[in-house]
Amino acid sequence: MILQDLRKSMKPMMWIILIAFVASLPLMYLRYRAGGNGQKPLAKVNGVSISYASFAKSYSDVYERYQQTSGGQISPQVETYLKYQVLAQLITNEILWQEANRAKIRIGEEELTEAIERIMRRFPSREAFIRFLDYQRISYRDLKEQIRKQLAINGLTQRIQDSVGVTDQEVKDYWLNENEKIKAAYVFLPPKKYKKEAIVSQEEIATYYDKHKEDFTIPERVKVDYLLISPEEFTKKIKVTEKELESYYEEHPANFEVPEKRRVSHILIKLPPSASEKEEENAKKKIEEIQKKLEEGVDFATLARKYSQDSSSAKKGGDLEFFTYSEMIPSFSKAAFSLKKEGEVSGIVRSPFGYHLIKLTGIKQVYTEPFDKVKPQIKKLLIEQKSEEFAKKEAERVRERIEEKKITFTDYVKKHPFRYNSTPFFSSTEKVEDVGWVPQFNQVSFSLEPGKISSVVPIPQGYSILKLAERKPSRIPPLKEIAPKVKEKVVEEKAKRIAEEKAKHIQEELKKGKDLSSLAKKFGVEYKSLKYFKRGDWIEELGDKDREKFMETAFSLAQGEISPPIWLSKGYYIIKLMGRDLFLEEFTKEREKFTEDLISRKKAEELSLWLQKIREKAKIEDNSRLFFSP
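At position 533 of the sequence shown the residue is numbered 785 (this note's numbering), and the sequence of numbers has no breaks.
Right, here's the structure in full:
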């Protein structure tokens, strides 16, 4: 179903796009010039502070948007990565702003007003825009100043990019690189095929062990006992008053706002993602013919039933029912939400699925859900919040009692056995059973001294207090303990050498004029013939790095030439070039497009290099280690 496809395709957006979005949209963050409250700033750029408050605002927006688009939990690794990427972007923006000031780039009021109006148009109404600012606690004055800065930065980067040009030869080389096609054949010799031939002696195993002992090091491991105070312990004890519920509702109106919904019908002419120029042309011609019939007065629903290639909606006259802006892909939503009144039909709209004509059939305006409807939801939320606070306070109280020797860890466990837990042995980089991957838990566990307890450590299950139970130091195990593992490594190395020797033997036979496919049969190895492909095409079973090396080798060969054996991650390959295809007459037709593409690439490269240089010159003080858990 096209409707479902449109909605599903919104989810796998890359997180990096969100960071770029935050960096470029002034609505999403505000920068503060001081750390505040005497707190050390998160970072300094040439003496200008970036406070943690500034970072927290940007990070919160990125985190929330990533969570919405990924549709699930964010792992601790991704969470940490996001933090450092957001900080890096704030530092970059500060550097750019300082450079824009040095370059004396000034933004006029007319340009500033126009930029604000462009942002405002992204919202259903002016009122929605003002509500958004209010919800984000952004004053109009601060917003205006931030947009002024962003426009100055844009002006600076534009100056740098405008200096970029390309020669005719560069364009031609770029076009050749993108459009040249070859066909090739290859044989593949994986070492695992020769494992049975790799007979190893005890002496070889011992020699390998002596040379590679460090490779078998078992890292330091610890086992900890811990108390867990869970928020769930307190939920039944918590009472929430009617006044609290009403206050929360009144103070957080944006939380209960139902966004505008649109109902449309559409006619779709499908296009595959890898559509050729001819397919694109035919699809556009077909949608233009349908558009013409509409202009002549033919009913939209009738045309949808007859021509739309969205089989699910076509039988309903193209109807897609109600949806919010974020439930569809941007190109479709932008067109649907730009229609002014019911019955209006859009122009031709291009999306990843093909060409659409969209007719607006209904509008549900933004509204706030009534208090009585959301009361259970608010109650649940407040109970969760209070439970969390109670659990944290209880954990801090318990820790204080143990620390002040009012009770021992052991005695407390005896009185509260349901709060006691113990981990198996784990390394600093392993996920802990029943805890999950919580870097702070691992870090604290390995920093514990015998007999001491930790500070309160938050984990997904609640609040924990840790005590070291046992520590096993890092060690290199004796050979007899890991002999099978060492033997496997020796077998793998020997099998690789056998595969290499056989590959060289095949190469020698090929030099004598033997046929590649015949030799593949003789040696019992895989032979594959590839149809014409470009440098950027996908080749089955080859990862990115392997594909890059394979392509580099294959495209460097002359007609009929055979490569020496090349090692990729899974084995040895010998490649033969079977043909080369290049229609230079196509270059004239595509010169303009490729010139624009190449200039765009070179501009991005030039900006990246320039930014790298000024970043190297900048005096950056990074205090993130004081704020972020490793």
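Quick reminder that beta carbons are idealized off the backbone N, C-alpha and C, glycines included.
Straight-line Cα distance separating residue j from residue i
i	j	result
residue 678	residue 481	22 Å
residue 582	residue 818	44 Å
residue 416	residue 570	47 Å
residue 275	residue 578	Because the pLDDT of residue 275 is 37, which lies under 50, any placement of that residue in the model is unreliable, and the number read from its coordinates should be weighed accordingly. Residue 275 and residue 578: Cα-Cα distance of roughly 20 Å.
residue 619	residue 489	35 Å
residue 821	residue 475	37 Å
residue 473	residue 603	53 Å
residue 421	residue 807	20 Å
residue 414	residue 867	21 Å
residue 347	residue 697	39 Å
residue 580	residue 591	15 Å
residue 719	residue 650	13 Å
residue 863	residue 344	8 Å
residue 558	residue 316	42 Å
residue 729	residue 702	25 Å
residue 816	residue 756	8 Å
residue 843	residue 764	44 Å
residue 368	residue 587	21 Å
residue 787	residue 845	19 Å
residue 636	residue 494	16 Å
residue 726	residue 469	7 Å
residue 708	residue 339	26 Å
residue 740	residue 449	13 Å
residue 623	residue 497	9 Å
residue 639	residue 737	49 Å
residue 311	residue 342	10 Å
residue 744	residue 440	17 Å
Residue environment, residue i, which counts as buried when at least 16 other CB atoms sit within 10 Å
i	result
residue 877	exposed
residue 856	exposed
residue 386	exposed
residue 861	exposed
residue 550	exposed
residue 670	exposed
residue 754	buried
residue 401	buried
residue 869	exposed
residue 733	exposed
residue 694	buried
residue 888	Limits of the chain in this structure are 253 at one end and 882 at the other, which puts residue 888 out of reach.
residue 705	buried
residue 717	buried
residue 746	buried
residue 810	exposed
Contacts around residue i, its chain only, beta-carbon distance under 8 Å, and the 5 residues preceding and following it disregarded
i	result
residue 865	none
residue 329	689
residue 790	799
residue 396	364, 368
Integer-rounded CB distance, given that residue j should sit under 8 Å from residue i
i	j	result
residue 880	residue 335	6 Å
residue 784	residue 434	7 Å
residue 513	residue 574	4 Å
residue 412	residue 858	6 Å
residue 408	residue 363	About 14 Å; that fails the 8 Å criterion.
residue 672	residue 479	6 Å
residue 884	residue 751	This structure gives no information on residue 884, because the portion of the chain shown stretches from 253 to 882.
residue 721	residue 477	5 Å
Chain-order list of residues whose beta-carbon lies under 7 Å from that of residue i (same chain, five-residue window excluded)
i	result
residue 851	416, 418
residue 668	none
residue 748	443
residue 775	754, 758
residue 282	No answer about residue 282 holds up, because its pLDDT of 34 lies below 50 and its placement is not dependable.
residue 536	607
Cβ-Cβ distance between residue i and residue j below 7 Å
i	j	result
residue 516	residue 610	yes
residue 492	residue 631	yes
residue 606	residue 520	yes
residue 390	residue 352	no
residue 319	residue 326	yes
residue 471	residue 643	no
residue 355	residue 828	no
residue 676	residue 685	yes
residue 457	residue 665	no
residue 555	residue 539	no
residue 594	residue 612	yes
residue 802	residue 626	no
Nonlocal neighbours in the same chain, by C-beta distance under 6 Å from residue i, ignoring five residues either side
i	result
residue 560	519, 520, 566, 570
residue 690	711
residue 375	381
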